[in-house]
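Engineer: Numbering (the numbering used here), first residue to last: 3 to 244. For glycine and all other residues, C-beta sits at the position ideal for the given N, C-alpha and C.
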Ligand SMILES: [Zn+2]
Ligand SMILES: [Zn+2]
């Protein structure tokens, strides 16, 4: 009798929680962007990036300059100026490809080796995502399905991926074929996929984003959600083209 009642109560509680969860608005965050002057190859001013991301319907962005960190106070000032979610990140050029890292605050010599980067990220309780994993891995000419499969297997042996919580399944500057390769790689490796515009210019903004199930308002919450896998890659290019 008591057991039966407890089950009923637990059942109702679960249904209520499920209903609340269902109505929470998902958040769209661009996990991968570049601005000048900190990224030498970007044409985007930070204020322009924020304004256009907002206009594109995104709820927040991560600043991920090449091998360079923003000063925390500058990130905060940018966020405040626009009342917008702006989070610090970095894109590290490692021997095993470009890696997006969340939760770090300074570049330390040695981070170009993925295992050393992973060590620093672990110490900081951060998270790593492999950027554009198709790069230098997807064959230009695919003669047969077995060649493609072999390329996927080769790519999956990248030692950096063991430290990553996800692979970038959609890169805003990647072609459809390149992103398809990344998505196949996610399947082969049974890893989750993020999306980031990799914006360097105006037209790159808003092409894709990562949709988070829960609210994210800080870098710590972003890392928690990445680690929990509560996100999915969303292609917004059809919307952005309008
Ligand atoms: Zn890159
Ligand atoms: Zn990039």
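Relative to ligand 1, is the shortest distance from any of its heavy atoms to the C-beta of residue 189 smaller than 7 Å?
Structural biologist: no
Engineer: Kindly indicate which three-state DSSP category residue 27 falls into: helix, strand or coil?
Structural biologist: coil
Engineer: Distance, Cα to Cα, residue 158 vs residue 190?
Structural biologist: 8 Å
Engineer: Compute the beta-carbon to beta-carbon distance between residue 141 and residue 153, rounded to the nearest angstrom, for a pair I have assumed lies under 8 Å.
Structural biologist: 5 Å
Engineer: When the distance is taken between beta carbons, is residue 172 closer than 8 Å to residue 89?
Structural biologist: No, the Cβ-Cβ distance between residue 89 and residue 172 is not below 8 Å.
Engineer: Do the region 192-208 and the region 216-235 touch if we need at least three Cβ pairs shorter than 8 Å?
Structural biologist: Contact holds: three or more Cβ-Cβ distances are below 8 Å.
Engineer: Can the beta-carbon of residue 94 be found less than 8 Å from the beta-carbon of residue 114?
Structural biologist: yes
Engineer: So is the beta-carbon of residue 114 under 7 Å away from any non-hydrogen atom of ligand 1?
Structural biologist: no
Engineer: Measure the C-alpha to C-alpha separation of residue 225 and residue 121 and round it to an integer number of angstroms.
Structural biologist: Each residue's alpha carbon lies about 16 Å from the other.
Engineer: Compare the C-alpha of residue 109 against each of 227, 91 and 131 and name the closest.
Structural biologist: 91
Engineer: Starting from residue 48, trace the beta strand (DSSP E) both ways and give me its first and last residue.
Structural biologist: It is not in any beta strand (DSSP E) - residue 48 instead sits in the alpha helix (DSSP H) that spans 48-57.
Engineer: Should residue 97 be labelled buried (16 or more other beta-carbon atoms within 10 Å of its own) or exposed?
Structural biologist: exposed
Engineer: Does the distance from the CB of residue 107 to the CB of residue 71 come in under 8 Å?
Structural biologist: yes
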